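Structure first, commentary second.
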Amino acid sequence: MRVLVVDDDAQIISAMRIHLRARGYDVDTCGDGGAALRITARHLPDLVLLDLGLPDMEGMEVLERLRVWTSVPVIVLSARHSASEKVRSLDAGADDYVTKPFGFDELLARIRAAQRRSVRGEEAPVVRTPAFTVDLGAKRVLRDEQEVRLTPTEWHILEILARNAGRLVSQRQLLHDVWGPVYQSETNYLRVYMAQLRRKLEPDPAHPRHLITEAGMGYRFEREGG
């Protein structure tokens, strides 16, 4: 099981890495929200341990962005003890809320409980269109029963769109999640990569039916096409 620990406290990061690895978990760590979103998009963890007080954005924003496209279990770890903060986190999609300081045995029990509630099959659906099939679990795309070779960046964009099928994904969100916060205005990146994806996947790239541009706003993945 792979756990992503998101906290800007180096001592907590170190302690969590040691304790979790000693119990057989694979551990990724980062100290800010932008890195958390990038890591999750590229290497979907089995569970996220998320601090609310991060240097670049509120942990709540990280949680809300994750919930746009993934149901990965998220346990909030926070020094904020108020009932309203707990309710707000749970309503935003957190699976559990643990206040600091906490006992590690308790945290392990909460992790095991989140594991039991999680249905991994829902994290890796197969998204089918009349033209191609996106297997999110196997991380591959089939067209006419042949695998389509995508670059890592092409796959990251397609995965986010496919997990959010039918809903608008903003240009800003795609740029942030695929390239990072400093690239949020580089819309030309998206135009280039979306053109490449359409050439590889759409029957008529000039008139796409599945990878749709919403002018000035973002992109939409349509299963059936227009």
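The sequence shown begins at 1 in the UniProt record's numbering and counts up one residue at a time.
Just so it is clear, CB atoms sit at the ideal spot from N, CA and C, and this is done for glycine as well.
Because the structure is a prediction, the values reported are computed rather than measured.
If you look at Phe104, you'll find it in the alpha helix (DSSP H) that goes 104 to 117. Taken atom to atom, the span from the alpha-carbon of Met1 to that of Val169 is near 29 Å.
Beta-bridge analysis with DSSP links Leu211 to Phe221. If you draw a straight line from the Cα of Thr99 to the Cα of Ser78, it comes to about 5 Å.
Contact between the stretch 6 to 24 and the stretch 47 to 64 is present: three or more C-beta pairs spanning the two stretches fall below 8 Å. Rounded to the nearest whole angstrom, the CA to CA distance from Ile157 to Leu174 is 7 Å. Cβ atoms of Glu64 and Ala92 come within 8 Å of each other, at about 6 Å. The alpha carbon of Tyr193 has as its nearest neighbour, out of Glu222, Trp155, Gln184, Ala215, the alpha carbon of Trp155. Annotation: Leu197 to Leu20 spans about 39 Å, alpha carbon to alpha carbon. Of all alpha-carbon atoms in Gly24, Ala15, Leu37, the one lying nearest the alpha-carbon of Gly180 is that of Leu37. Spatial neighbours of Glu202 in its own chain (CB-CB distance under 7 Å, excluding positions within 5 residues in sequence) are listed in chain order as Ala131, Pro208, Arg209, His210, Leu211. For Val178, the uninterrupted alpha helix (DSSP H) segment begins and ends at 171 to 179. Straight across, the Cα-Cα distance linking Arg140 with Ser82 is about 44 Å. For Leu161, the enclosing alpha helix (DSSP H) begins and ends at 152 to 163.
Within 10 angstroms of the beta-carbon of Thr151 lie fewer than 16 other beta-carbons, which makes it exposed. For Tyr193, the uninterrupted alpha helix (DSSP H) run begins and ends at 187 to 201, by DSSP. Taking 9 Å as the cut-off, the Cβ atoms of Gly31 and Ile13 count as close.
Contiguous alpha helix (DSSP H) elements confined to the UniProt domain "Response regulatory" (2 to 115) occur at 10 to 22, 33 to 42, 59 to 69, 83 to 91, taking only those with 4 or more residues. In this structure Arg163 touches Thr70 by the C-beta definition: roughly 6 Å separates them, less than 8 Å.
Under the DSSP assignment, Asp144 falls outside any beta strand (DSSP E); it carries neither an H nor an E label.
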